[in-house]
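A.B. asks: For our numbering, add 292 to where a residue sits in the sequence shown, where the first one is 1.
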Amino acid sequence: MLKNGIKMTLMRNFSFFESFSEYFVYLCARKHDTLLYMIDTSVFQDKLAAYYTLGCKLNFSETSTFGKMLQEMGVRTVQRGEQADICLINTCSVTEVADRKCRQAIRRLVRQNPAAFVVVTGCYAQLEAEEVSHIEGVDLVLGSNEKAHLIQFLSDAFIARERKANDGAAAFYREKTKDIKSFAPSCSRGNRTRYFLKVQDGCDYFCTYCTIPYARGFSRNPTIASLVAQAEQAAAEGGKEIVLTGVNIGDFGKTTGERFIDLVRALDAVEGISRYRISSLEPDLLSDELIDFCAHSRAFMPHFHIPLQSGSDAVLKLMHRHYDRQLFADKVLSIREAMPDAFLGVDVMVGCRGETPECFEETYEFLRSLPVTQLHVFPYSERPGTSALSIPYVVSEQDKKLRSHRLLTLSDEKTQAFYAAHRGMQAEVLFEKATRGRAMHGFTRNYIRVELSPADARPEFDNQLIHVRLGDFNHDKTALRAQLAIPQTQSQL
Ligand code: SF4
293 MLKNGIKMTL MRNFSFFESF SEYFVYLCAR KHDTLLYMID TSVFQDKLAA
343 YYTLGCKLNF SETSTFGKML QEMGVRTVQR GEQADICLIN TCSVTEVADR
393 KCRQAIRRLV RQNPAAFVVV TGCYAQLEAE EVSHIEGVDL VLGSNEKAHL
443 IQFLSDAFIA RERKANDGAA AFYREKTKDI KSFAPSCSRG NRTRYFLKVQ
493 DGCDYFCTYC TIPYARGFSR NPTIASLVAQ AEQAAAEGGK EIVLTGVNIG
543 DFGKTTGERF IDLVRALDAV EGISRYRISS LEPDLLSDEL IDFCAHSRAF
593 MPHFHIPLQS GSDAVLKLMH RHYDRQLFAD KVLSIREAMP DAFLGVDVMV
643 GCRGETPECF EETYEFLRSL PVTQLHVFPY SERPGTSALS IPYVVSEQDK
693 KLRSHRLLTL SDEKTQAFYA AHRGMQAEVL FEKATRGRAM HGFTRNYIRV
743 ELSPADARPE FDNQLIHVRL GDFNHDKTAL RAQLAIPQTQ SQL
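Next comes the structure, spelled out in structure tokens:
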């Protein structure tokens with residue numbers, strides 16, 4: 293299909309890219325069912341691109357997919373010391389600090405690559421498209437719907453630039469939140485061994501402090517069949533571990549009428565993938581059926597990440613969360629009963645509006661009493677347009693810091709106790725590539741970080757499941773030391 297630099301692109305009434313093979317099937321949500329679209333790939337030839345990502349795993353996974361798409365068009369990623377022709381910045385807008393970091397990153401990339409064509413996408417680009425378009429050096433701003441059509445937008449912009457048809461002002465394209473319908477699929481290898489498979493996007497929950505539903509639109513997902521195909525492709529490329537990513541993963545099925553548990557069952561059956569982790573699941577969507585399946589599954593790991601946000605029912609109500617603390621405790625105890633060794637990560641937000649000192653103490657005591665493994669603590673950040681701004685009680689920055697510090701100390705105690713309880717046990721570790729002469733690191737099935745000394749590290753252990761005995765803490769207490777030389781079939785974890 294590729295002739296004289298012209299790639300024929302078939303556009304249909306689907307909402308995602310389906311393949312990058314033989315011909316480029318470019319799918320998007322449009323009114324017309326089938327359209328032929330042509331992309332002049334010659335505009336991409338021999339170009340160099342630099343990528344910068346801020347925010348969550350989903351963003352990193354999407355950036356990696358953008359990289360793959362551009363590579364298909366002949367674009368190479370810049371190496372150190374090279375100047376980029378294209379800079380792509382995938383932004384986050386979870387807090388005010390995130391917004392500021394995005395602006396700094398854009399300005400830095402513009403400064404470092406003065407001749408580059410600069411594209412900004414992601415949540416900050418969706419929420420503040422006009423503001424971003426005014427940052428000096430930015431050429432193109434793509435919102436959440438438009439980023440799925442990056443190649444088309446870039447090709448059109450390059451052609452316009454060559455013809456000097458634009459007026460030098462940055463263009464921005466952004467749909468209203470309610471019209472964000474496209475699903476840009478993504479299954480990409482991160483920097484290390486894991487693949488990140490995007491199974492869902494958007495959110496219908498509208499928690500009062502959160503801007504994500506405005507930035508990413510309503511909940512939507514691709515079919516189970518297409519996700520299984522992507523997992524099979526990852527296995528064919530040698531991938532062993534896949535992390536399921538999304539905004540509100542447990543809400544999977546809104547588009548297709550399928551169920552998350554059926555996706556999990558189908559993925560579990562994919563040959564070659566030894567490990568799956570679910571990046572995060574809302575407690576009200578973590579079903580007993582799923583817990584039971586994970587406890588007996590071949591490849592779903594005993595590792596859960598559940599957002600609590602607050603252990604005070606009064607605050608959960610103000611946040612418009614869909615559960616109370618009792619439901620959360622029940623889920624944690626069900627997981628513990630079914631998988632006594634499971635790693636249990638919990639998100640907690642401190643200092644949101646309405647969190648009085650008494651509410652915070654309730655949260656602290658609740659978490660102290662629960663058998664969880666690690667806390668991810670986020671200080672509340674005021675976001676324009678959110679309904680939390682109408683709650684009158686405001687927590688000072690100083691109190692937010694003190695509360696964060698107390699929870700982080702509690703988290704360290706819990707994580708270290710969890711690690712310490714595993715010393716002396718045998719475990720299966722998936723090791724990650726190490727620099728020559730340095731220690732190798734990897735994770736057990738239940739997400740304990742393990743360190744293999746430089747003397748024992750071998751290049752052939754990269755991306756391999758190796759059985760070890762877990763020893764004592766490493767020097768900075770971020771991992772357990774691994775001892776080799778146990779029969780390679782005997783691990784327990
Ligand atoms: Fe935001 Fe709540 Fe949706 Fe999570 S569940 S993305 S916090 S609105």
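We treat Cβ as the ideally placed atom computed from N, Cα and C, and that holds for glycine.
Is there at least one non-hydrogen atom of the ligand SF4 closer than 7 Å to the beta-carbon of residue 506?
C.D. replies: Position 214 of the sequence shown, counted from the first residue, corresponds to residue 506. False, no ligand heavy atom lies under 7 Å from that Cβ.
A.B. asks: Residue 655: buried (16+ other C-beta within 10 angstroms of its C-beta) or exposed?
C.D. replies: Residue mapping note: residue 655 aligns to position 363 of the sequence shown, counting from 1. Its Cβ being crowded by 16 or more others within 10 Å, residue 655 is buried.
A.B. asks: Could you tell me if the beta carbon of residue 384 falls within a distance shorter than 7 Å of some heavy atom in the ligand SF4?
C.D. replies: Here residue 384 corresponds to residue number 92 of the sequence shown, with the count starting at 1. It does not: the Cβ of residue 384 is nowhere closer than 7 Å to a heavy atom of the ligand SF4.
A.B. asks: In chain order, what residues of the same chain have a beta carbon less than 7 Å from the beta carbon of residue 422, not counting five sequence neighbours either side?
C.D. replies: Position 130 of the sequence shown, counted from the start, is the residue given in the question as residue 422. Answer for residue 422: 464, listed in chain order.
A.B. asks: So what's residue 671 in DSSP terms, helix, strand or just coil?
C.D. replies: Within the sequence shown, numbered from 1, the residue matching residue 671 stands at position 379. Three-state DSSP puts residue 671 in a strand.
A.B. asks: Taking all protein chains shown into account, decide if residue 347 is buried (16 or more other Cβ within 10 angstroms of its Cβ) or exposed.
C.D. replies: Within the sequence shown, residue 347 is the residue found at index 55, counting from 1. Counting Cβ neighbours within 10 Å, residue 347 comes out buried, since at least 16 surround it.
A.B. asks: Helix, strand or coil for residue 775? Go by DSSP, reduced to three states.
C.D. replies: Walking along the sequence shown from the start, residue 775 turns up at place 483. Note: residue 775 maps to strand in three-state DSSP.
A.B. asks: Kindly examine the ligand SF4 and report whether one of its heavy atoms sits closer than 7 Å to the Cβ of residue 539.
C.D. replies: Locating residue 539 in the sequence shown gives position 247, counting from the first residue. Answer for residue 539: yes, Cβ within range of the ligand SF4.
A.B. asks: How many angstroms separate the CA atom of residue 628 from the CA atom of residue 634?
C.D. replies: To locate residue 628, count along the sequence shown from 1; it is residue 336. To locate residue 634, count along the sequence shown from 1; it is residue 342. Going by the C-alpha atoms only, they are around 7 Å apart.
A.B. asks: For the alpha helix (DSSP H) holding residue 580, just list the boundary residues, first then last.
C.D. replies: On the sequence shown, residue 580 is found 288 positions in, with the first residue counted as 1. Segment 580-588, the alpha helix (DSSP H) holding residue 580.
A.B. asks: Could you check what DSSP says for residue 471 in three-state terms: helix, strand or coil?
C.D. replies: The residue given as residue 471 occupies position 179 in the sequence shown. The answer is helix: DSSP assigns residue 471 an H, G or I state.
A.B. asks: Per DSSP, what are the beta-bridge partners of residue 733 in this structure?
C.D. replies: The count along the sequence shown starts at 1 and reaches residue 733 at position 441. Partner(s): 724 and 743.
A.B. asks: For the alpha helix (DSSP H) containing residue 794, name the first residue and the last one.
C.D. replies: Outside the modelled stretch of the chain, which goes from 293 to 785, sits residue 794, for which no answer is possible.
A.B. asks: Residue 407: which of 434, 400, 645 and 375 sits nearest, CA to CA?
C.D. replies: As a position in the sequence shown, residue 407 is number 115, starting the count at 1. Among 434, 400, 645 and 375, the Cα nearest to that of residue 407 is on 375.
A.B. asks: Any heavy atom of the ligand SF4 closer than 7 Å to the beta-carbon of residue 495?
C.D. replies: Against the sequence shown, residue 495 aligns to sequence position 203. Yes.
A.B. asks: Quick one: Cα of residue 769 to Cα of residue 620, how far?
C.D. replies: As a first step, residue 769 is located in the sequence shown; it is residue number 477 there, counting from the start. As a first step, residue 620 is located in the sequence shown; it is residue number 328 there, counting from the start. Going from the Cα of residue 769 to the Cα of residue 620 covers about 29 Å.
A.B. asks: Under 7 Å: does the beta carbon of residue 498 sit that close to some heavy atom of the ligand SF4?
C.D. replies: Taking the first residue of the sequence shown as 1, we reach residue 498 at position 206. Yes, since a heavy atom of the ligand SF4 falls inside the 7 Å radius drawn around the Cβ of residue 498.
A.B. asks: Roughly how many angstroms separate the alpha carbons of residue 553 and residue 582, rounded to a whole number?
C.D. replies: Residue 553 sits at position 261 when you count from the first residue of the sequence shown. Residue 582 sits at position 290 when you count from the first residue of the sequence shown. Each residue's alpha carbon lies about 6 Å from the other.
A.B. asks: Could you check whether the stretch 474-491 touches the stretch 428-446, counting it as contact only if at least three pairs of C-beta atoms, one from each stretch, sit closer than 8 Å?
C.D. replies: Flag = yes, the stretch 474-491 and the stretch 428-446 touch.
A.B. asks: Ignore the nearest five residues each way along the sequence and tell me which others in residue 673's own chain have a CB closer than 6 Å to its CB.
C.D. replies: Position 381 of the sequence shown, counted from the start, is the residue given in the question as residue 673. So the list reads 387 and 388, once near-sequence residues are dropped.
A.B. asks: Apart from the five residues just before and just after residue 569, which ones in its own chain have a Cβ nearer than 6 Å to its Cβ?
C.D. replies: Sequence index remark: in the sequence shown, residue 569 carries index 277 (1-based). Closer than 6 Å at the Cβ level, and outside the excluded window around residue 569, lie 535, 593 and 595.
A.B. asks: Rounded to the nearest angstrom, what separates residue 335 and residue 522 at their Cα positions?
C.D. replies: In the sequence shown, residue 335 corresponds to position 43, counting from 1. In the sequence shown, residue 522 corresponds to position 230, counting from 1. Answer to the nearest angstrom: the Cα atoms are 29 Å apart.
A.B. asks: Using only the heavy atoms of the ligand SF4, determine whether one of them is closer than 7 Å to the beta carbon of residue 502.
C.D. replies: The residue labelled residue 502 in the question sits at position 210 within the sequence shown. Within the cutoff, so yes.
A.B. asks: If you count every other CB in all the chains shown that lies within 10 Å of the CB of residue 648, and 16 or more means buried, which is it?
C.D. replies: Taking the first residue of the sequence shown as 1, we reach residue 648 at position 356. Counting Cβ neighbours within 10 Å, residue 648 comes out exposed, since fewer than 16 surround it.
A.B. asks: Within 10 angstroms of the Cβ of residue 773, are there 16 or more other Cβ atoms? Answer buried if so, exposed if not.
C.D. replies: To locate residue 773, count along the sequence shown from 1; it is residue 481. With 16 or more other Cβ atoms within 10 Å, it is buried.
A.B. asks: Just the C-alpha distance for residue 743 and residue 751, rounded to the nearest angstrom, thanks.
C.D. replies: Numbered from its first residue, the sequence shown carries residue 743 at position 451. Numbered from its first residue, the sequence shown carries residue 751 at position 459. Cα to Cα, residue 743 sits roughly 14 Å from residue 751.
A.B. asks: Taking residue 601 and residue 641 to be in contact with their CB atoms under 8 Å, please state how far apart those CB atoms are, rounded to whole angstroms.
C.D. replies: Against the sequence shown, residue 601 aligns to sequence position 309. Against the sequence shown, residue 641 aligns to sequence position 349. Their Cβ separation, rounded to whole angstroms, is 5 Å, which keeps residue 601 and residue 641 in contact under 8 Å.
A.B. asks: Is any heavy atom in the ligand SF4 found nearer than 7 Å to the beta carbon of residue 574?
C.D. replies: Translated into positions along the sequence shown, residue 574 becomes position 282. Yes, since a heavy atom of the ligand SF4 falls inside the 7 Å radius drawn around the Cβ of residue 574.
A.B. asks: Scan the stretch 489-516 and note each continuous alpha helix (DSSP H) run of 4 residues or more that stays entirely inside, going in chain order.
C.D. replies: The stretch 489-516 contains these whole alpha helix (DSSP H) runs: 504-508.
A.B. asks: At 4 residues or longer, what runs of the alpha helix (DSSP H) sit wholly inside the stretch 332-373?
C.D. replies: Entirely contained in the stretch 332-373, the alpha helix (DSSP H) runs reaching 4 residues are, in chain order, 349-364.
A.B. asks: What is the DSSP secondary structure of residue 424, counted as helix, strand or coil?
C.D. replies: Along the sequence shown, read from residue 1 onward, the residue named residue 424 stands at position 132. Looking at residue 424 - three-state DSSP - the assignment turns out to be helix.
A.B. asks: Going straight from the alpha carbon of residue 318 to that of residue 361, what length do you get?
C.D. replies: By 1-based counting over the sequence shown, the position of residue 318 is 26. By 1-based counting over the sequence shown, the position of residue 361 is 69. Because the pLDDT at residue 318 is just 39, under 50, the model does not fix this residue reliably, and the value given afterwards should be weighed accordingly. Cα to Cα, residue 318 sits roughly 11 Å from residue 361.
A.B. asks: How would you call residue 542, buried or exposed, if buried means at least 16 neighbouring beta carbons within 10 angstroms?
C.D. replies: Along the sequence shown, read from residue 1 onward, the residue named residue 542 stands at position 250. Buried, because 16 or more other Cβ atoms sit within 10 Å of the Cβ of residue 542.
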